[in-house]
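K.L.:
Attaching a single structure in structure tokens format; questions to follow.
Spelled out as structure tokens, the structure:
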């Protein structure tokens, strides 16, 4: 199911297409808390207006995933509030690589999010949304295979090379060391929110985002992040991973009002011969899983 919720300049009130669903209401409540959290800062309205368009993966308490995009917006009276477009999906037994699955959907809704936040009328927004084709089980299975192939075909040094144009301090030597440092930190206590850099290349941004989610999942022996937010910043795209739906600091993190642990700033960890830059991403996830199991045992 595809729908939307929030405020746009063309309406004096909230606009909603399937917005009454419990999973949508739960995500909207999370956004409300992030907005209240941002409201504590000075000049929050201008900071809210300047936020980049973001894409989200939200795991609801019902087990249904809400995937989509969100943009800063306001109603016809200028009252600030996010506007988001979403799609609901149930994960298969083999898992769900949310950001890769959303590749085409994100490209479809990006111009609509921008147009809606700049004055497109409500009827046109609804009409365009109703014309989109929802995912089916075949789509979920297809993009799962795409993600598995990515893990098999790409190495950590490929990720480092893709990150370098935007993050010059990451290379095939420093990235494995920083990953080990972050792993050591996460194993001690998982932070409520973490930041990972993403490549600016469109074909790699989402697969790498799903890899970070999978890597983080292995470190903590928990489910994938309850909420993950892909920040569509042209120069420095990134991924925010929230350990719980109760953590609602997304907007303050994005505006620089609060810091969080990041792969960019972590101290390098102890290098291990078994962890190499030329390792496939699948081997890296398996290696981390084995190391973690050994630690617990």
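In this note's numbering, the protein residues as written are 6 to 302. Glycine is no exception: its CB is placed at the ideal position from the N, C-alpha and C atoms.
(1) By how many angstroms is the C-alpha of residue 58 removed from the C-alpha of residue 138?
(2) Does the separation of the CB atoms of residue 7 and residue 88 fall below 8 Å?
(3) Between which two residues does the beta strand (DSSP E) containing residue 27 stretch?
(4) Take every Cβ of the region 48–55, pair it with every Cβ of the region 10–30, and state whether three or more of those distances are shorter than 8 Å.
(5) Between the C-alpha atoms of residue 295 and residue 90, what's the straight-line distance to the nearest angstrom?
(6) Verify whether the separation of the beta carbon atoms of residue 229 and residue 29 is less than 8 Å.
(7) Using DSSP bridges, identify the partner residues of residue 160.
(8) Find the nearest neighbour of residue 36 within the set 47, 205 and 60, judged by alpha-carbon distance.
(9) Once DSSP output is grouped into helix, strand and coil, what is the label at residue 111?
(10) Should residue 185 be labelled buried (16 or more other beta-carbon atoms within 10 Å of its own) or exposed?
(11) Just curious, the alpha helix (DSSP H) that residue 53 is in, first and last residue?
(12) So residue 67 packs on residue 27, CB below 8 Å; how close in whole Å?
(13) If distances are taken between C-alpha atoms only, which option among 117, 203 and 199 comes closest to residue 165?
(14) Of all the options 210, 221, 218 and 291, which has the alpha carbon lying nearest to the alpha carbon of residue 239?
(15) Roughly how many whole angstroms lie between the Cα atoms of residue 157 and residue 213?
(16) DSSP state of residue 69, grouped into three classes?
(17) With a threshold of 8 Å, are at least 3 pairs of Cβ atoms found where one atom belongs to the region 261–276 and the other to the region 167–186?
(18) Over what stretch of residues does the alpha helix (DSSP H) that includes residue 186 continue unbroken?
(19) Return helix, strand or coil for residue 251, following the three-state DSSP convention.
(20) Return the CA-CA distance between residue 183 and residue 216, expressed in angstroms with no decimal places.
(21) For a quick check, are the C-beta atoms of residue 78 and residue 262 less than 8 Å apart?
(22) Would residue 62 be called buried (16 or more neighbouring beta carbons within 10 Å of its own) or exposed?
(23) Under 8 Å, do residue 171 and residue 205 count as touching if we go by C-beta distance?
(24) Whose CA, out of 148, 20, 226 and 200, lies closest to the CA of residue 235?
P.N.:
Quick answer:
(1) Between residue 138 and residue 58, the C-alpha separation is close to 22 Å.
(2) Not in contact: residue 7 and residue 88 (Cβ atoms no closer than 8 Å).
(3) Residue 27 -> not in any beta strand (DSSP E); alpha helix (DSSP H) instead, spanning 27–43.
(4) No, the region 48–55 is not in contact with the region 10–30.
(5) Because the pLDDT at residue 295 is just 48, under 50, the model does not fix this residue reliably, and the value given afterwards should be weighed accordingly. When rounded, the separation of the alpha-carbon atoms in residue 295 and residue 90 is 39 Å.
(6) The answer is no: Cβ separation not under 8 Å.
(7) Paired residue(s): 285.
(8) Closest by alpha carbon: 60.
(9) It is helical.
(10) If you draw a 10 Å sphere on the C-beta of residue 185, you find 16 or more other C-beta atoms in it, and that means buried.
(11) Residues 49–54.
(12) About 7 Å separates the two Cβ atoms, so the contact holds.
(13) Check the Cα spacing between residue 165 and each of 117, 203 and 199: the tightest is with 203.
(14) Nearest C-alpha to residue 239: 210.
(15) Their backbone Cα atoms lie some 13 Å apart in a straight line.
(16) Residue state, collapsed to three classes: coil.
(17) A contact is defined here as three or more CB-CB pairs under 8 Å, and the region 261–276 meets this definition with respect to the region 167–186.
(18) Here the alpha helix (DSSP H) through residue 186 covers 179–193.
(19) Looking at residue 251 - three-state DSSP - the assignment turns out to be coil, as it is neither helix nor strand.
(20) Cα to Cα, the separation comes out at about 16 Å.
(21) No, they are not a contact pair.
(22) The residue is buried, with at least 16 neighbouring Cβ atoms inside 10 Å.
(23) Cβ distance < 8 Å, so residue 171 and residue 205 count as in contact.
(24) The shortest C-alpha separation from residue 235 is found at 200.
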